[in-house]
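Colleague: One structure follows; several queries about it will come next.
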Amino acid sequence: MNQTAPQLTLTPPNQRVRLGVKKIAQLKRSQDLLESFAWGTVVLVVAMFFLDGGMAKFGNLTDALGATSRLTALVGTDLLLIHTLLVARVPWLDKLYGHDKVTLAHKKLGKPILYIISAHFLATLIQFAILDGKSIVDEMVYLFVAIPDMWSATLGLVLMIVVVFTSINAARKKLSYESWHVIHLLAYASILIAVPHQFSTGSDIAGKPLQTLFWVTLYLFVALNVIWYRVLAAVVMNLKLGLRVTAVTRESSDTISVYVSGRGLERLGGQAGQFYMLRIMDKENWLKPHPFSISAAPNNRFVRFTIGARGDFTKGLVGLKVGTRVALEGPFGVFTEERRTCEKVTLIAAGVGAPPIRALAESMAAKPGDITILYRVRDTEDAALLSELEQVSRERGFQLHVLAGPRGAATSWLPGHLNSLPDQARLIEMAPFVSESDVYICGPAAWTKSVEKTLARVGTPAGQIHAEEFAW
Amino acid sequence: MRRATKTFVGLAGLGIMIAAAKAGMPLPDAAAVVTENTSSNTATPTPTATATATATPKPTTTTKPKPKPTTKPKPTATAKPTPPPVVAGAVSKTSAAINYEYGTIQVKVTKDAGNITDVTYLQSSYTRLPNGTLTYLVNASIQANGSNFTKVSRATVTTNAYKKALESALGKF
């Protein structure tokens, strides 16, 4: 703990950022294109089913069940592959949407996919039971014995149910992240063991070259993305970098900074405002990655994470020894200057939200006076990174407002003792250009919502408000 | 997605699916057309029969396979008497035994003057099949006079194995 931090020298600001709304229009176009492509695959599988005479097969009950079974299988599998891609942490998705939005989309898709696949299972089972004149249970036993890939497909569904149930909010709260994560990894197994029956017995794939080509391509594309970006890329990068802890310093009573360094840090390629998954490579911790934002602009000397010691893991970091091996995955997130459109910027941080704001302040190019920083803390004496924010503001000519004090009214994001004026009035007082600036907000979720409300009142367009939810 | 894109993609997707559904429908339509043709054939049996008869000496060789299995009373009544005279025509060949994922299929195919007249199963072990699959396969191959017919849904693998067996027998003629 008593190691001294490297001398703080500010990294020169990033001069190459393009401003203006043109890049946002480009971004929206790419997003639309990608989403259209994704939905296009769903349309395509349904169209292929119809082209195969699918509509004609709704004649009687058993035929209708058969057609339902095929249709739900096709759509369900297609969505499942998209669902898997969304969690592969692929950089091209991260760049377009940000890690939080991608993860949220993944979360949203989970339950509908389970319903669709369950419908496929039930429709198939009931259809077969009617055709064979057996009870559902007898038919199920019969299918397990008679058709080789059926039991593995069913086991796949059971695993899927377990994965979705443990991810429901109520269950998620009771599980530790680690045990939830291990269960969640079963999802990959569930997909793998359910694959064979699609190719061996699926009426829409087996023996049809075009459909087989389509599905094999889709499977390979998703599999390669998962294997490369989720696993191999990070392994290769970390082997090259050989990262180790170089210093651990105390920033406040409950915050520490961890300095990490290795060979050729510029290869990491991160930006201010982004975060990495940090793994401490020792026996207990190497399987437990935690997301942390970098708290200093990227440079070739060190990567610095400033961490609030609140949870079990982060409290343990206080005793971290210099020389400990660490591994990083990332960088992730779009809480960066890539999304900046205006000359003027307002940076708003609260408590543990300070690190990315501190990094952004250091790396943003701006004329003196163009950047305003608001830092909400409980106590000025015990605020992490405050002295650094002061130094940045002093050297670059930014305005820094430190908002110290206990909470005010429930809806207010400002300290209570200034309660004579509504939040928006006080915001305009501190940051007069807030409605024509890009606003970056980082803090607890409820607090961020409240800041966003105030920003809507003062007239900052939604496209200029940047906040990242900590969903992972 | 922006609203305009969403609307466009939604409508285009819907359009494609409807078009595909429409394009997929001709399957039953085609079947209907086929039966119509055969029924029209059976409705006016004499002119076609004489036309083919003059074209080639044997009436059975040129009659297309489709009219034959249609079990309408009139044409079968006229067609039935014809095969017996051609005594030398009926020949049977046995296929190889095809082992496949769910069992074994071996068939004996009887051909009369170029047309399949009968297929019997010498071996037909299987784990599970929709009712009537085996009968359907025989009828379909007689009707198509070969292995070019649509598969049985839920019995893709068996259909393929049957076709293999059939082709192996046909290859021996």
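So the sequence lines, in the order shown, correspond to chains A and B.
Taking this note's numbering as reference, the numbering of the first sequence is continuous, increasing by one, and the terminal residue is 472.
Taking this note's numbering as reference, the numbering of the second sequence is continuous, increasing by one, and the terminal residue is 1173.
Idealized CB from N, CA, C, for every residue including glycine.
Note that the coordinates shown come from a computational prediction; the quantities given were computed from them, not determined experimentally.
So, with DSSP's three-state summary, where would you put A/Ile205?
Modeller: Here residue 205 of chain A is taken as the residue at index 205 of the first sequence, counted from 1. In this structure, A/Ile205 counts as coil in the three-state DSSP scheme.
Colleague: By Cβ distance below 6 Å, which residues in the same chain neighbour A/Ala234 in space, the five residues on each side in sequence not counted?
Modeller: For the purposes of this step, residue 234 of chain A is identified with residue 234 of the first sequence, where counting begins at 1. Taken in chain order, the residues that qualify are Glu329.
Colleague: Candidates A/Ser420, A/Glu178, A/Arg396: which alpha carbon is nearest A/Asp312's?
Modeller: Locating residue 312 of chain A in the first sequence gives position 312, where the first residue counts as 1. It is A/Glu178 whose Cα lies nearest to the Cα of A/Asp312.
Colleague: Considering A/Arg16, what are the terminal residues of the alpha helix (DSSP H) in which it resides?
Modeller: For the purposes of this step, residue 16 of chain A is identified with residue 16 of the first sequence, where counting begins at 1. Premise fails: A/Arg16 is in no alpha helix (DSSP H) and is neither H nor E.
Colleague: Please identify the residue among A/Val260, A/Asn169, A/Met48 whose C-alpha is closest to the C-alpha of A/Asn238.
Modeller: For this step, residue 238 of chain A is matched to residue 238 along the first sequence. Of the listed residues, the one whose Cα sits closest to A/Asn238 is A/Val260.
Colleague: Please check the pair B/Lys1093 and B/Ala1169, which I expect to be a contact at CB under 8 Å, by giving their CB distance rounded to whole angstroms.
Modeller: For the purposes of this step, residue 1093 of chain B is taken as the residue at position 93 of the second sequence. For the purposes of this step, residue 1169 of chain B is taken as the residue at position 169 of the second sequence. 5 Å between Cβ atoms; contact.
Colleague: What is the DSSP secondary structure of A/Ile168, counted as helix, strand or coil?
Modeller: Along the first sequence, read from residue 1 onward, the residue named residue 168 of chain A stands at position 168. A/Ile168 falls in the coil class under three-state DSSP.
Colleague: In or out: A/Met281 buried (at least 16 other Cβ within 10 Å) or exposed?
Modeller: Taking the first sequence and counting its residues from 1, one reaches residue 281 of chain A at position 281. With fewer than 16 other Cβ atoms within 10 Å, it is exposed.
Colleague: Which value, in whole angstroms, describes the spacing of the CA atoms of A/Ala25 and A/Glu266?
Modeller: Locating residue 25 of chain A in the first sequence gives position 25, where the first residue counts as 1. Locating residue 266 of chain A in the first sequence gives position 266, where the first residue counts as 1. Going by the C-alpha atoms only, they are around 30 Å apart.
Colleague: Anyone know if the C-beta pair for A/Gly323 and A/Val245 falls short of 8 Å?
Modeller: Translated into positions along the first sequence, residue 323 of chain A becomes position 323. Translated into positions along the first sequence, residue 245 of chain A becomes position 245. It is a contact, given that the beta carbons lie within the stated cut-off.
Colleague: According to DSSP, what are the bridge partners of A/Pro415?
Modeller: Taking the first sequence and counting its residues from 1, one reaches residue 415 of chain A at position 415. Its beta-bridge partners are A/Arg407.
Colleague: Does B/Ala1021 get closer than 8 Å to chain A when you measure Cβ to Cβ?
Modeller: Your numbering for residue 1021 of chain B matches position 21 in the second sequence. For B/Ala1021, the answer is yes, since a Cβ of chain A falls inside 8 Å of its Cβ.
Colleague: Over the uninterrupted alpha helix (DSSP H) stretch that includes A/Arg396, give me the two end residues.
Modeller: Position 396 of the first sequence, counted from the start, is the residue given in the question as residue 396 of chain A. Element bounds for A/Arg396: 386-396.
Colleague: Determine the direct distance from the alpha carbon of A/Ile205 to that of A/Phe199, and round the result to whole angstroms.
Modeller: By 1-based counting over the first sequence, the position of residue 199 of chain A is 199. By 1-based counting over the first sequence, the position of residue 205 of chain A is 205. One C-alpha to the other measures close to 6 Å.
Colleague: Using a beta-carbon distance below 8 Å, is A/Val46 in contact with chain B?
Modeller: Along the first sequence, read from residue 1 onward, the residue named residue 46 of chain A stands at position 46. Answer yes: the Cβ-Cβ gap between A/Val46 and chain B drops below 8 Å somewhere.
Colleague: Counting only beta-carbon atoms, is A/Ala425 nearer than 8 Å to chain B?
Modeller: Taking the first residue of the first sequence as position 1, residue 425 of chain A is located at position 425. By this cut-off, A/Ala425 is not an interface position.
Colleague: Alpha carbon to alpha carbon, how far is A/Lys344 from A/Arg371? Give it in angstroms, no decimals.
Modeller: Reading the first sequence from its first residue, position 371 is the one you call residue 371 of chain A. Reading the first sequence from its first residue, position 344 is the one you call residue 344 of chain A. What sits at residue 371 of chain A in the sequence shown is Ile, not Arg. C-alpha separation (whole angstroms): 6 Å.
Colleague: Quick one: what's got a C-beta closer than 7 Å to A/Thr84's C-beta in the same chain, skipping five residues either side?
Modeller: Translated into positions along the first sequence, residue 84 of chain A becomes position 84. The residues are Ile191, Val222, Val226.
Colleague: Can you pull the chain B neighbours of A/Ala105, defined as C-beta to C-beta under 9 Å?
Modeller: The residue you call residue 105 of chain A lines up with position 105 of the first sequence. Under the 9 Å cutoff, chain B gives no residues; its nearest Cβ is about 12 Å from A/Ala105.
Colleague: Taking the continuous alpha helix (DSSP H) assigned at A/Pro356, which residues delimit it?
Modeller: Here residue 356 of chain A is taken as the residue at index 356 of the first sequence, counted from 1. A/Pro356 -> alpha helix (DSSP H) spans 354-363.
Colleague: Go through the stretch 1079-1144 of chain B residue by residue and report every complete run of the alpha helix (DSSP H) that reaches 4 residues or more, in order.
Modeller: List check, alpha helix (DSSP H) in window: 1133-1144.
Colleague: Among A/Leu210, A/Gly262, A/Pro406, which one has its Cα closest to the Cα of A/Leu51?
Modeller: Your numbering for residue 51 of chain A matches position 51 in the first sequence. When only C-alpha atoms are compared, the closest one is A/Leu210.
Colleague: Please report whether the beta-carbon of B/Ser1153 lies at a distance below 8 Å from any beta-carbon of chain A.
Modeller: For the purposes of this step, residue 1153 of chain B is identified with residue 153 of the second sequence, where counting begins at 1. Interface residue, yes.
Colleague: Shortest alpha-carbon distance to A/Asp379 belongs to which of A/Val248, A/Glu251, A/Gly273, A/Pro406?
Modeller: Numbered from its first residue, the first sequence carries residue 379 of chain A at position 379. It is A/Pro406.
Colleague: In chain E, what lies closer than 7 Å to A/Phe335 by C-beta?
Modeller: Here chain E cannot be found, since the structure's protein chains are A and B.
Colleague: Given a cut-off of 8 Å on the beta-carbon distance, is the pair A/Glu139 and A/Leu122 in contact?
Modeller: What you label residue 139 of chain A is simply residue 139 of the first sequence in a count that begins at 1. What you label residue 122 of chain A is simply residue 122 of the first sequence in a count that begins at 1. Cβ atoms of A/Glu139 and A/Leu122: not closer than 8 Å.
Colleague: Going by C-alpha distance, which of A/Leu79, A/Leu71, A/Leu268 is nearest A/Gly40?
Modeller: Taking the first sequence and counting its residues from 1, the one referred to as residue 40 of chain A is at position 40. Cα-wise, what sits closest to A/Gly40 is A/Leu79.
Colleague: Chain A beta carbons: is any one of them nearer than 8 Å to that of B/Ile1098?
Modeller: Indexing the second sequence from 1 puts residue 1098 of chain B at position 98. Chain A, which has no Cβ nearer than 8 Å to the Cβ of B/Ile1098, makes this no.
Colleague: From the beta carbon of B/Ile1105, is the nearest beta carbon of chain A less than 8 Å away?
Modeller: In the second sequence, residue 1105 of chain B corresponds to position 105, counting from 1. By this cut-off, B/Ile1105 is not an interface position.
Colleague: Does the stretch 330-338 of chain A touch the stretch 90-98 of chain A, meaning 3 or more C-beta pairs lie closer than 8 Å?
Modeller: Result yes; three or more Cβ-Cβ pairs closer than 8 Å.
Colleague: For the beta strand (DSSP E) that A/Asp254 lies in, which residues bound it at each end?
Modeller: The residue labelled residue 254 of chain A in the question sits at position 254 within the first sequence. Taken as a continuous stretch (DSSP letters only), A/Asp254 belongs to no beta strand (DSSP E), as it is neither H nor E.
Colleague: Quick check: the Cα distance between B/Thr1158 and B/Tyr1102, rounded to an integer number of angstroms?
Modeller: Residue mapping note: residue 1158 of chain B aligns to position 158 of the second sequence, counting from 1. Residue mapping note: residue 1102 of chain B aligns to position 102 of the second sequence, counting from 1. Going from the Cα of B/Thr1158 to the Cα of B/Tyr1102 covers about 8 Å.
Colleague: Residues of chain A with CB closer than 8 Å to the CB of B/Arg1002, please, in chain order.
Modeller: Taking the first residue of the second sequence as 1, we reach residue 1002 of chain B at position 2. Here the neighbours are Lys28, Asp32.
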